[in-house]
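In our numbering, the protein residues as written are 1325 to 1462.
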């Protein structure tokens, strides 16, 4: 779960017998030294479940995490979203690319996902689009 106002992600364990979610790890989406105002908006997994990405609106970045076999998160990096207010993310079905909609920044940015490390690298220049808020891949 991405915690919009707390700038964090919380991992939950699922108990199939009771149907209960049990709160586990909570990890920040922001650098420790960041003192400004920011809010989260979206998170997406790669199809293989190895990596998770979350947006930071205000810090204007994407936090990347490695997901271990127990579902615990380890921060990989926090990458600039190359636009203002990253609102929505999409990961391609092959897990090779992440697309970021920077709504108030009026652009969409494509990042390549390193299959081994989960790190993001921009592909090309941001594409200007008026107030993109949701990305859907068919």
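Each residue gets a CB set at the ideal place from its N, CA and C atoms; glycine is no exception.
All values reported here derive from a predicted model rather than from experimental measurement.
The region 1394-1401 makes no contact with the region 1411-1431, as fewer than three CB pairs between them are under 8 angstroms. Per DSSP, the beta-bridge partners of residue 1452 are 1431. Taken through DSSP and simplified to helix, strand or coil, residue 1372 comes out as coil. Apart from sequence neighbours up to five positions away, the residues of its chain that approach residue 1335 with a beta-carbon distance below 7 angstroms are 1348, 1349, 1395, 1396 and 1397, ordered along the chain.
Between residue 1364 and the set 1332, 1371 and 1389, the nearest pair of CA atoms involves 1332. Bridge pairing for residue 1381: 1363 [DSSP].
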